[in-house]
Amino acid sequence: MTKRPSLFSLVLALPLLVWQLAFFLFPLIFLVAISFWTVKMFQMQPDLNFGNWQRILTRGIFWDAYLHTMILAASASALTSAIAFPASYAISFKLSETAKRWLIFVLIIPFFTSYLVRVYSWQVFLTDAGIINTALGYIGLGPFAMLNNNFGTLVGMITLCLPLVILLQTFSLNFVNRDLIEAAHNLRCGRLRTVFAVIVPSARVGLVIAALFAFILSFGDFVSPLYLGGGNPPTLSIMITDITKSGQQWPRAAVVAIMMIATLMTVALGAITYAYKERGK
Amino acid sequence: MGNENRIINGWLMVHIALCLIFIFAPIAGSFVFSLNSDRFPSLPLGEFSFKWYRLIYEDPLVWAGLFNTVVVGLTVAVIATVLGFGGAYTDFRYNFFGKSIYLALALLPPTIPVVIMGLAMLAFLSRIHLSGSTISVIIAHGVMCSPFAMAIIRLRLSQMDPDLEAAAWNLGGNEWATLRHVIIPFTKPAIFAALFITMAVSFDEFAVAWFVSGLNETLPVKILGFLQGQVSPRINAIGSLSFLLSITLIVLAQLLLRNPEAEKK
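Quick mapping for you: the protein sequence lines, in order, are chains V and W.
Numbered according to the numbering used here, the first sequence spans residues -13 to 267.
Numbered according to the numbering used here, the second sequence spans residues 19 to 283.
Listed below in structure tokens is the structure:
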């Protein structure tokens, strides 16, 4: 296309571009910039100072939080995928079109409920004297510590990710060629083997993308680790909110944020490369 | 084999039910707890009470939060839908150098963790002396909501017969007239759906709003405040009401998106 863009096309295309450049890309670039700034007398001053980076990256507490966050996010992603898969499989292969449409609608509802309110509700369910422990007490079990530990955090993260992962998995399973499954059955391939040898490989891209989304959501979540996990040890996102809210050390928070983005980009790149690797083989 | 199928299928249905219970337990729970007199609900449940609703009704800070939320939500819905419409039409109609970068810039915001968005927005907006105002929340939510509007309208455009536009041009309509008399009427249901859905997204967004809103807290930021301070079932009452509001918006959007197919029949 060599001809000059018309006024019409510019009027339609530019507002979004300008908005996202100014208020999305630019703030992210600015975040990188301020990670080199210094704070003097509670004021940020432009600088080219590696002190913030040095300070954060040489701290044991940062790397502990980093590892903790990685493990939590990876566990949440794996657990959510494992819990979601039988449901997505059943929705995609076993349900009628009408039931399918209803379930998909029902699974969209949680996106429009407040995550905070759901987390608070889980607190009531999970505390030592809460609903679940009291109910378990009636049959002589417990009480189990389910709050302020990794179990609580994972419950919250799975609550956040499960609807999305089921939806993404279902869509990818819908695209699996039904003839392939028929062929596998005709070749006397058992049900379970069909699932793992035929269905999972053909839906791999979608399954990996779903797991990736669960990882991204859990990795950045600060609500579950704080209000269900107790915030100790902190995750990276808790570190960011703490540093930001407790003073003017935004440059240090920026360093943590950039490390998070770099990690997410690496994981996303790895996952997508893996998803598309030796496809069609 | 048939018998085994039935057992496995039964288990799969049970599994779906368990997943739904897990997903909806906290939502249903907050409804029940909001109508319960206990501060720390447990079994057996306390008595039925509108106490928490009365408390939020009498709290001027909640009303102030609601006012901010509605102002932000309405403004964001309009901005995000206008931006999203332009983006969707651009993607539908044009091919140009750097289009994939354009699309990435338009659609990526929801994949950036909200704490990072919040921090970046706070640092940037306070540099241009906008942080702590309602405008800053509107700017941030505009970034986060426009991808949703764009996706919804783009989906509708892909259902349009491409000849329709060409026919309008052949009949002598210029691009502006075609936009007004053909494209906008055709995408109208999606435009309204986008308005409602972006409004619902903005209503529930708390993290970025928390970073940038300062004293002009929106209602979700208020909830976060309750969560940090004394534990209070007022959260459930606010949550239940805003859930009803969001769900109304979604059902409206859903009805609008479904309508065109009914017309065709």
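Backbone N, C-alpha and C fix where the C-beta goes; we use that ideal spot for every residue, glycine too.
Kindly indicate which residue of Phe40/W, Pro127/W, Phe66/W, Thr205/W has the alpha-carbon position closest to the one of Leu2/V. Pro127/W
Which of helix, strand or coil does DSSP assign to Met30/V? strand
Would you grab the beta carbon distance between Thr11/W and Phe221/W for me? Rounded to a whole angstrom, and I think it's under 8 Å. In the structure displayed, chain W extends from 19 to 283; residue 11/W sits before or after that span and is not available.
Which residues share a DSSP beta bridge with Asn54/W? Phe66/W
Whole angstroms are fine: how far does the CA of Phe204/W sit from the CA of Ala64/V? 42 Å
Selection of the segment 230 to 247 of chain V by Cβ proximity to chain W, strictly under 8 Å: Thr230, Trp236, Ala239, Ala240, Ala243, Met246, Ile247
Ala158/W - containing alpha helix (DSSP H), residue span: 152 to 175
Among Thr152/W, Phe142/W, Pro165/W, Thr129/W, which has the Cα closest to the Cα of Leu121/W? Pro165/W
Quick check: His54/V and Thr230/V, are their CB atoms within less than 8 Å of each other? no
Select from the segment 96 to 114 of chain V all residues with a C-beta closer than 9 Å to any C-beta belonging to chain A, and list them in chain order. As a matter of chain content, chain A is missing from the structure shown, whose protein chains are V and W.
Mind checking if Met139/W is an interface residue toward chain V, Cβ cutoff 8 Å exclusive? yes
How many Å lie between Leu(-7)/V and Asn113/W at the Cα? 16 Å
Would you check if there are 3 or more beta carbon pairs closer than 8 Å linking the segment 141 to 149 of chain V to the segment 176 to 186 of chain V? no
Is the segment 247 to 264 of chain W touching the segment 39 to 56 of chain W, taking contact as three or more C-beta pairs under 8 Å? yes
Name, please, each residue of chain W whose Cβ falls closer than 9 Å to the Cβ of Ala73/V. Leu30, His33, Ile34, Leu36, Cys37, Leu38
Taking only runs of the alpha helix (DSSP H) that begin and end inside the segment 170 to 234 of chain W, which ones reach a length of at least 4 residues, in chain order? 180 to 188, 193 to 196, 202 to 222, 225 to 230
Going along the chain, which residues of its own chain have a beta-carbon closer than 6 Å to the beta-carbon of Lys240/W, five neighbours each way excluded? Gly83
Where the alpha helix (DSSP H) containing His171/V begins and where it ends: 164 to 172
What's the gap between the Cα of Ser151/W and the Cα of Leu143/W? 10 Å
Going by DSSP, name the residue or residues bridged to Thr24/V. Gln31/V
Spell out a yes or no on whether the segment 104 to 116 of chain V and the segment 203 to 216 of chain V are touching, meaning 3 or more CB-CB pairs, one atom from each, closer than 8 Å. yes
Interface residues of chain W around Thr139/V at Cβ under 8 Å? In chain order: nothing, as chain W lies at least about 15 Å away.
Do three or more CB pairs link the segment 154 to 164 of chain W to the segment 219 to 236 of chain W at distances below 8 Å? yes
Helix, strand or coil at Glu76/W according to DSSP, with G and I counted as helix: coil
Pull up the CB-CB distance for Leu122/V and Gly128/V, whole angstroms please, since I reckon it's below 8 Å. 4 Å
Residue interval of the alpha helix (DSSP H) (run including Gln106/V): In the sequence as displayed, the identity of residue 106/V is Tyr instead of Gln. Tyr106/V -> alpha helix (DSSP H) spans 101 to 112.
Given a limit of 8 Å on CB to CB distance, which residues of the segment 45 to 79 of chain W reach chain V? Ile45, Gly47, Ser48, Phe51, Phe58, Pro59, Ser60, Leu61
Can you give the Cα-Cα distance for Leu30/W and Lys86/V, rounded to whole angstroms? 14 Å
Checking 8 Å against the spacing of the C-beta atoms, do Leu112/V and Met132/V come in under that value? yes
Among Leu245/W, Ala271/W, Asp179/W, Leu38/W, the one whose alpha carbon lies nearest that of Ser74/V: Leu38/W
Taking Leu(-4)/V as the reference, which of Pro207/W, Ile119/W, Gly102/W, Thr108/W has the closest Cα? Thr108/W
Taking just the CA atoms, how far does Val194/V sit from Ala208/W? 30 Å
Go through its chain and collect everything with a Cβ distance to Met135/W's Cβ below 6 Å, but skip five positions before and after it. Val226
Keeping to the same chain, check which residues put their C-beta closer than 7 Å to that of Val241/V; ignore five residues upstream and five downstream. Ser21, Asn38, Trp39, Ile42
Residues of the segment 115 to 135 of chain W with a CB closer than 9 Å to any CB of chain V: list them in chain order, please. Phe115, Tyr120, Leu123, Ala124, Leu126, Pro127, Thr129, Ile130, Pro131, Val132, Val133, Ile134, Met135
So, is the C-beta of Ile153/W closer than 8 Å to a C-beta in chain V? no
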